[in-house]
Each structure stands twice: as C-alpha cells, then as structure tokens.
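Per my numbering, the sequence shown runs over residues 9 to 324.
Step one of this worksheet: look at the structure below.
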Amino acid sequence: MKLQQLKYLVEIERQNLNVSAAAEALFTSQPGVSKQIRLLEEELGVTIFERSGKRLTHITAPGRLVLDMANKILRETQNLARVGQDFTAENNGIFSIATTHTQARYTLPPVIQQFMQRHPSIRLHLQQGSPAQVSQWLIEGKADVGIATEALDQHSELLTLPCYQWSHLVVAPKEHPLVAQSQHGAPTLATLASYPLITYDATFTGRSHIDRAFDKQSLAPNIILTAIDSDVIKTYVSLGLGVGIIAEMAFDPLRDERLAAIPAAHLFEANTTRLGFRRDVWLRGFEYDFIELLAPQLTQRVVAAALKGGGLDAGL
9 MKLQQLKYLV EIERQNLNVS AAAEALFTSQ PGVSKQIRLL EEELGVTIFE RSGKRLTHIT
69 APGRLVLDMA NKILRETQNL ARVGQDFTAE NNGIFSIATT HTQARYTLPP VIQQFMQRHP
129 SIRLHLQQGS PAQVSQWLIE GKADVGIATE ALDQHSELLT LPCYQWSHLV VAPKEHPLVA
189 QSQHGAPTLA TLASYPLITY DATFTGRSHI DRAFDKQSLA PNIILTAIDS DVIKTYVSLG
249 LGVGIIAEMA FDPLRDERLA AIPAAHLFEA NTTRLGFRRD VWLRGFEYDF IELLAPQLTQ
309 RVVAAALKGG GLDAGL
C-alpha cells in the first residue's frame, strides 16, 4: 500500500467519482490513477468503487470505511509535517486563511500587518469566498483557518471559536430624507421597508438576521439589489438607487464622505464572527499567534483547551 494510492482515492471522491478530473487535479494520468486504485482494491481484497463499464458509479460500504481511514491517514501525515515545521523552522511556511470579502477588506488588514511584522518569513495565502466555500476549503484541507459570520459552526468536522460581535448600519446619501428623519428619532423597520434597499447576498454578512427582523414584523422589504461586496453596495447607494444595509466595520466616515451612517443595532440581531479550523489539525505556533492577534481573548491556552474537548463552539 502506498500513500499515493490513498491520495488518488480521496481525490476521486472529492471529484464526485470522476477519475479524469482527479487525475487532472493531481497532475497525473487517468490510466495511472485507475491502475493504482485497482491494485489497492486487490491488495485490500475489497471493492472500493462500484463500476458501470469504465465509469465509477458509487462507493461501496467497505469502500466508505477505506475512504474514511484514508482521509485520516492523509491528515495525520500533514500533521506530522506541520509538527516538524513547528519545531525545526517555526518562522517559515505557508499559512492559508479562508474568509469572506468583508473580513478580508475591513477586519483583517491591521491583523495581517501585525502578523507579517512578527513572522516576515511566512508566506500568506488569503482566499476569499462565501461562508459555505470557506467551510468547504477547511474541510478539504485547502485552508488552515477560516473566518466568517455564517456556516462555520454547521460542520462537525470543524471547531469554531467566537471572535467578536458586530452590528449592521444603515447608510444613505447625506441628503436622503431618511438621514434627516433619523436625527429626530431612530428609524423603524417599517420606515426602512418603505424605501428601496440594497444589501448583501442571501448567504453573506449577517443577511439572515436582516431577513429575520423583517419577517418577525411581517414586513416585506423592497430589496432591489444585492451584492457580496460592501464597497459595491455603497457605490450604488451613493448613486441614489436605494438605502443600504451594511456591516458596521465597512463604513469609514472619511472614505465614505458622501454617505451618512445610521445606527441599526436596535433593528437587527447582533452578528458573531467566528474562526474555525479542523478538529484534527495540529496548529503551528504562528497560527496560535494569528488567532490571538485577531481575537485577544483566544489565547493559546484557551484554544488548546477548546481543541481538547467541547462541542461545535468549544463551550465558549
């Protein structure tokens, strides 16, 4: 049995049983992958994949067990490499962070700046995607840590830790009537629902809390445009197309001088941004350092204790 055979096996499952796609992802040939899987099946004495001609159709029951073990073995080999790196070359390595646009654009810059000053030899890979993509990249081992407000705590493979809470803001051009109204009293959801609204896509940046607030009051907001990028939302608000609802950290009074910000913490439930990583991963020293820079309450002692036990949210 060879480690490479296990890599082929896991990649085939990842590519939805498409051997050609697995071979392409691993920079090898399709016949070579097929041959190695056959040899592995012969050595183990079990059929891992059912076939229809040359096509793999599904994973057998014993094949499922083999795949689960193969995934564990490969993750442990990765952990061995991380342990070696941690003790022999702590200041070198690649650190992959998966996050959403809002976190990458507005929260992480000062954190990453401090991190790179402390660890100048680390090569940082910043991946941006939806919360669901962030979760999947972590599960597949394509990212070391993930930061998002949604989705991370929905996967048992991941340990998630609460970093900080934030609220939404309402933004509008300074000359908009809502701005004048807000100076005489906080706006209500009914008031917001009377204007065209521009906010986040359904799976991004606390959008579920926005929808839930309107639903609870049986209001139907007129959402005319959605985006995943706060800057895009603010651009169209500046054009006068509607009133925006954005994350509070996405508003900068100097940069967004044409807009006015109206507090909305009384309208929408607070959001919790979480950090997540695989439960079975070995965290390197510089990763603990990054986590504490992001959320000072998450010291190495706290994170190590969370890894040792606890539920999805580590009891924090």
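Just so you know, even glycine gets a beta-carbon here, dropped at the ideal spot from N, CA and C.
Rounded C-alpha distance that separates ALA228 from VAL289: Counting from 1 along the sequence shown, the entry for residue 228 is found at position 220. Counting from 1 along the sequence shown, the entry for residue 289 is found at position 281. Looking at the two C-alpha atoms, the distance is approximately 44 Å.
Extent of the continuous alpha helix (DSSP H) to which VAL251 belongs: Residue 251 sits at position 243 when you count from the first residue of the sequence shown. Run containing VAL251: none in the alpha helix (DSSP H); it sits in the beta strand (DSSP E), 251-255.
Distance, PRO139 Cα to TYR16 Cα: For the purposes of this step, residue 16 is taken as residue 8 along the sequence shown, with counting starting at 1. For the purposes of this step, residue 139 is taken as residue 131 along the sequence shown, with counting starting at 1. About 28 Å.
Under the three-state DSSP convention, the category GLY193 falls into: Position 185 of the sequence shown, counting from 1, holds the residue named residue 193. Residue state, collapsed to three classes: coil.
Own chain, CB closer than 6 Å to ILE155, minus 5 neighbours either side, in chain order: Position 147 of the sequence shown holds residue 155. Excluding sequence neighbours, ILE155 sits near THR107, GLN111 and LEU283.
Distance CB(ASP209)-CB(ALA235) smaller than 8 Å: Mapped onto the sequence shown, residue 209 falls at position 201. Mapped onto the sequence shown, residue 235 falls at position 227. Yes, the pair counts as a contact, with Cβ atoms nearer than the cut-off.
Strand pairing of GLN178, partner residues [DSSP]: Taking the sequence shown and counting its residues from 1, one reaches residue 178 at position 170. Before going further, note that residue 178 is Val rather than Gln in the sequence given. Answer is ILE253 and ILE270.
Contact the segment 254-274 vs the segment 179-188: 3+ CB pairs below 8 Å: yes
Minimum length 3: unbroken beta strand (DSSP E) runs contained in the segment 57-116: 57-60, 63-67 and 101-107
Assigned secondary structure, ILE155 (DSSP; H/G/I helix, E/B strand, else coil): Residue numbering aside, residue 155 sits at position 147 when the sequence shown is read from its first letter. Of the three classes helix, strand and coil, the one that applies to ILE155 here is strand, per DSSP.
Bounding residues of the beta strand (DSSP E) (the contiguous stretch that carries TYR203): Position 195 of the sequence shown, counted from the start, is the residue given in the question as residue 203. Per DSSP, TYR203 belongs to no beta strand (DSSP E) and is neither H nor E.
SER42 versus LEU73 - alpha carbon distance: Here residue 42 refers to the residue found at position 34 of the sequence shown. Here residue 73 refers to the residue found at position 65 of the sequence shown. In a straight line, the C-alpha of SER42 is about 19 Å away from that of LEU73.
Residue burial classification, GLU158 (beta-carbon count within 10 angstroms, cutoff 16): Your numbering for residue 158 matches position 150 in the sequence shown. Around the beta carbon of GLU158, 16 or more other beta carbons lie within 10 angstroms, which makes this residue buried.
Exposed unless 16 or more other CB atoms sit within 10 angstroms - verdict on PRO204: On the sequence shown, residue 204 is found 196 positions in, with the first residue counted as 1. Answer is exposed; the Cβ neighbour count stays below 16.
Closest Cα partner of THR10 within the set GLU51, GLU300 and ARG287: As a first step, residue 10 is located in the sequence shown; it is residue number 2 there, counting from the start. At residue 10 the sequence reads Lys, which differs from the Thr that was named. Relative to LYS10, the option among GLU51, GLU300 and ARG287 whose CA is nearest is GLU51.
Where ASP6 falls, given that 16 or more other Cβ within 10 Å makes a residue buried: Nothing in the structure corresponds to residue 6, since the chain is present only between 9 and 324.
Residues near ARG215 by beta carbon distance below 7 Å, same chain, minus five either side: Your numbering for residue 215 matches position 207 in the sequence shown. Result list for ARG215: THR207, TYR208 and ASP209, in chain order.
ARG292 classed as buried or exposed, judged by whether at least 16 other C-beta atoms fall within 10 angstroms: The residue labelled residue 292 in the question sits at position 284 within the sequence shown. It counts as buried.
Cβ-based burial, ASP161 [other Cβ within 10 Å; buried from 16]: To locate residue 161, count along the sequence shown from 1; it is residue 153. Its Cβ being crowded by 16 or more others within 10 Å, ASP161 is buried.
Classification of ASN79 by the beta-carbon crowding that lies within 10 angstroms, buried from 16 upward: Within the sequence shown, numbered from 1, the residue matching residue 79 stands at position 71. Buried is the call here.
Any 3 or more C-beta pairs closer than 8 Å across the segment 20-30 and the segment 60-71: yes
Span separating the alpha-carbon of SER226 from that of ILE232: The count along the sequence shown starts at 1 and reaches residue 226 at position 218. The count along the sequence shown starts at 1 and reaches residue 232 at position 224. The straight-line gap separating the alpha-carbon atoms of SER226 and ILE232 is approximately 18 Å.
Nonlocal neighbours in the same chain, by C-beta distance under 6 Å from LEU132, ignoring five residues either side: To locate residue 132, count along the sequence shown from 1; it is residue 124. Once the five neighbours on either side are set aside, the close Cβ partners of LEU132 are PHE103.
Inter-residue CB distance, LEU301 and PHE123 (contact presumed, cutoff 8 Å): The residue given as residue 301 occupies position 293 in the sequence shown. The residue given as residue 123 occupies position 115 in the sequence shown. The distance from the Cβ of LEU301 to that of PHE123 is about 6 Å, consistent with a contact at the 8 Å cut-off.
Option in ALA272, LEU249 and VAL187 with minimal Cα separation from ALA221: Here the question's residue 221 lines up with position 213 in the sequence shown. Considering only alpha carbons, the answer is ALA272.
Contact check, VAL251 vs LEU200, beta carbons under 8 Å: The residue given as residue 251 occupies position 243 in the sequence shown. The residue given as residue 200 occupies position 192 in the sequence shown. In this structure, LEU200 lies closer than 8 Å to VAL251 by Cβ.
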